[in-house]
Structures are given as C-alpha cells and as structure tokens.
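Working notes for the structure below.
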Amino acid sequence: MTRPGALRLIILYKLVRGGLALVLALLVLILAVGHFGTPLADALSGALHHLAHPWAHRAGDALMKAVATNRYLYVAAFALGVDGTFTLLEGAALARGSWWGPWLVVISTSMLLPPEVVGLFRHASAVRAVILVLNVAIVAYLVSHARRTRA
Numbered sequence: 326m327t328r329p330g331a332l333r334l335i336i337l338y339k340l341v342r343g344g345l346a347l348v349l350a351l352l353v354l355i356l357a358v359g360h361f362g363t364p365l366a367d368a369l370s371g372a373l374h375h376l377a378h379p380w381a382h383r384a385g386d387a388l389m390k391a392v393a394t395n396r397y398l399y400v401a402a403f404a405l406g407v408d409g410t411f412t413l414l415e416g417a418a419l420a421r422g423s424w425w426g427p428w429l430v431v432i433s434t435s436m437l438l439p440p441e442v443v444g445l446f447r448h449a450s451a452v453r454a455v456i457l458v459l460n461v462a463i464v465a466y467l468v469s470h471a472r473r474t475r476a
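Numbering (the working numbering), first residue to last: 326 to 476.
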C-alpha cells in the first residue's frame with residue numbers, strides 16, 4: 326500500500342520527534358541521577374546572562390533554579406518520556422495503517438490548538454504562527470485522510 330507523501334512526512338516527523346524526546350528524557354534522567362543539576366546550572370547561567378531582553382533574563386534565571394534542583398530534572402525526564410512514548414505511538418499507529426491512528430493524532434494535535442492561538446495573540450511571532458498553521462494543516466489533512474480511507 327502506497328501512502329501519500331504528506332502522510333509519510335507526518336509519520337517520519339512523529340517517529341523522529343518521539344525518538345528524540347526519549348533520548349532527551351534519558352539524558353535528563355542521567356543528569357538527575359548523577360546530581361549534575363547544579364553544575365549544569367552553573368555552566369549555563371553564564372551564557373544565559375548575555376541574553377538581551379529582561380524577560381529572557383528572568384526566564385533563564387528561573388530555568389537555572391529549576392535545573393539546579395534535581396527534583397525538577399526527574400519531572401522533566403518523566404514528562405519527556407511520556408511525550409516521546411505517546412508521539413511514537415502516534416507515528417506507529419499511522420505507519421501501521423490503524424484506522425484509529427489519524428484520529429489519535431487529530432485529537433492530540435487539536436488539544437494543542439487553543440493554547441497555541443492564545444500564545445500567538447499574547448506574544449505574536451512568525452515561529453508561533455508557522456507552528457499554528459502547520460498543526461491546523463496536519464489536523465485538516467488527517468481528518469480528510471481518515472474519512473477517505475474509511476469510505
């Protein structure tokens with residue numbers, strides 16, 4: 326069975342993103358277990374103090390305080406692991422051709438749209454707009470694909 330190019334691209338994106346999230350989860354877990362939070366925060370804080378905008382400076386300080394506390398590294402590793410696993414599930418369901426695969430991606434991606442719209446209105450940027458447009462396109466495409474394959 327040949328898949329349309331857009332569907333292959335979505336599958337590839339989901340599999341790569343899910344795999345990278347799991348690798349990052351493992352790296353963050355290693356940092357937490359090895360109690361590397363404080364040395365990492367010290368190493369990164371010098372670079373973050375060169376940020377130009379005051380909000381970025383405050384965000385960088387908050388991030389460094391969180392990284393210095395190993396508990397937050399465990400939370401981040403867990404969140405990245407859950408995200409990576411779910412994203413791989415989405416990609417595998419699409420790759421396998423499961424009837425529910427497109428709907429799973431539609432539901433999970435649609436849940437992210439309202440916060441993305443709010444974020445775009447609060448802090449408009451080209452990157453946010455592109456992400457929103459891409460996610461809306463993915464949802465529309467997969468709804469159309471799921472309806473076509475069901476028929």
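For every residue, glycine included, the Cβ atom is placed at its ideal position computed from N, Cα and C.
Cβ distance (whole Å) where residue i is taken to contact residue j below 8 Å
i            : j           : result
arginine 429 : alanine 418 : A small fix is needed here, since residue 429 is leucine in this sequence, not arginine. Confirmed, Cβ separation roughly 6 Å.
leucine 457  : leucine 467 : With 8 Å as the limit, leucine 457 and leucine 467 do not qualify as a contact, their Cβ atoms being about 16 Å apart.
alanine 402  : alanine 350 : 5 Å
Residues of its chain near residue i, where Cβ-Cβ distance is below 7 Å and the 5 sequence neighbours each way are ignored
i             : result
histidine 470 : Leu332 and Pro427
leucine 356   : Gly362, Leu365 and Leu398
serine 435    : Val464
As assigned by DSSP and simplified to three states, the class of residue i
i                 : result
proline 440       : helix
tryptophan 428    : helix
threonine 434     : helix
serine 423        : coil
arginine 328      : coil
phenylalanine 361 : coil
alanine 449       : coil
threonine 410     : helix
threonine 474     : helix
Inter-residue Cα distance where the pair is residue i and residue j
i              : j              : result
isoleucine 335 : isoleucine 463 : 8 Å
threonine 327  : threonine 394  : 49 Å
leucine 345    : arginine 383   : 28 Å
arginine 447   : glycine 422    : 38 Å
valine 452     : lysine 339     : 19 Å
asparagine 460 : alanine 449    : 16 Å
proline 329    : leucine 337    : 12 Å
Sequence-distant residues of the same chain with beta carbon closer than 8 Å to residue i, five excluded per side
i              : result
alanine 454    : Leu445
leucine 347    : Leu405, Gly406, Gly409, Thr410 and Leu413
tryptophan 424 : Ala471, Thr474 and Arg475
leucine 438    : Leu457, Asn460, Val461 and Val464
glutamate 415  : Lys339, Gly343, Gly426, Leu429, Val430 and Ser433
histidine 360  : Asn395
Spatial neighbours of residue i in its chain, beta-carbon cut-off 6 Å, leaving aside the 5 residues before and after
i           : result
valine 431  : Val464, Leu467 and Val468
valine 443  : none
proline 440 : none
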